[in-house]
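Encoded as structure tokens, the structure appears first; notes follow it.
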Amino acid sequence: MNIFRLAGDMTHLMSVIVLLLKIHTIKSCAGISLKTQELYALVFATRYLDIFTDFISLYNTIMKLIFLASSFSIVWYMRQHKIVRRSYDKDQDTFRHLFLILPCLLLALFINEKFTFKEVMWTFSLFLEAVAILPQLVLLQRTRNIDNLTGQYVFLLGAYRALYILNWIYRYFTEPHYVHWITWISGLVQTLLYADFFYYYFNSWKNNVKLQLPA
Amino acid sequence: SRREISKDEL
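Here you go:
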């Protein structure tokens, strides 16, 4: 464990806590894409299949449980909670899951470290995580405005990915034969997807104006 | 196992 990875995990944890708090306290999910949240729940479900078979560390297991619980409870809130679900903008959040799930599944069948169910599911979850934010970014473009909690949520998610890249660089130089191209490339793609959002977020923060994404 | 080492990240 290095400082970059710990900071990355904590930032990731913060992003889901910010989101849960937003939904729980103001009983609203306006501006949040349910599609993205469902994809994240699928990412964690397919990545943490080994939660009960391969024990790595108490930290690892606890964090996996937190991510699974938070992602599924966010989906539950947005789908089932009688007040929250009313603020869900299903007419704007129309990104089709399958356009992301199928290509990631096919890619994982061809590009993986070992052709076993767990390994293919793990690789699928990596590719899916890289693109899971797309429905959220599309929704933000459509609604044109972004309330600061949603902005913080996407910002924290991007920061977690950037910290993970620093973690991989650190591990590459400090651990012999620590090489994971699949992880690195999908992680890089994911971080680049945030880059444009960061650009607008930083500019709005610098000019102290409300964050507006271009059409 | 090999899996544990390479899959220690969240």
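Listed in order, the protein sequences are those of chains C and H. Take the first sequence: its position 158, counted from the start at 1, is 159 in the working numbering, and no numbers get skipped. Take the second sequence: its position 10, counted from the start at 1, is 5 in the working numbering, and no numbers get skipped. Using N, Cα and C, we set each Cβ at its ideal position, and we do this for glycine too.
- Against chain H, a Cβ distance below 8 Å from Trp185 (chain C) picks out nothing, because the smallest value is about 11 Å.
- Comparing alpha carbon positions, the residue from C:Phe5, C:Phe56, C:Leu50, C:Ala133 closest to Ser187 (chain C) is C:Ala133.
- By alpha-carbon distance to Leu35 (chain C), the top candidate from C:His181, C:Val190, C:Leu138, C:Leu110 is C:Leu138.
- In this structure Tyr179 (chain C) touches Arg172 (chain C) by the C-beta definition: roughly 5 Å separates them, less than 8 Å.
- Within the region 15 to 97 of chain C, the complete alpha helix (DSSP H) runs of at least 4 residues fall at 35 to 48, 59 to 81.
- Nearest C-alpha to Ser126 (chain C) among C:Val19, C:Arg6, C:Arg48, C:Leu212: C:Arg48.
- Counting along the chain, the unbroken alpha helix (DSSP H) around Thr192 (chain C) starts and ends at 182 to 207.
- A Cβ-Cβ separation of about 32 Å leaves Asp94 (chain C) out of contact with Leu167 (chain C) under the 8 Å criterion.
- If you draw a straight line from the Cα of Asp90 (chain C) to the Cα of Leu158 (chain C), it comes to about 22 Å.
- Boundaries cannot be given for Glu4 (chain H), as no alpha helix (DSSP H) includes it and DSSP labels it neither H nor E.
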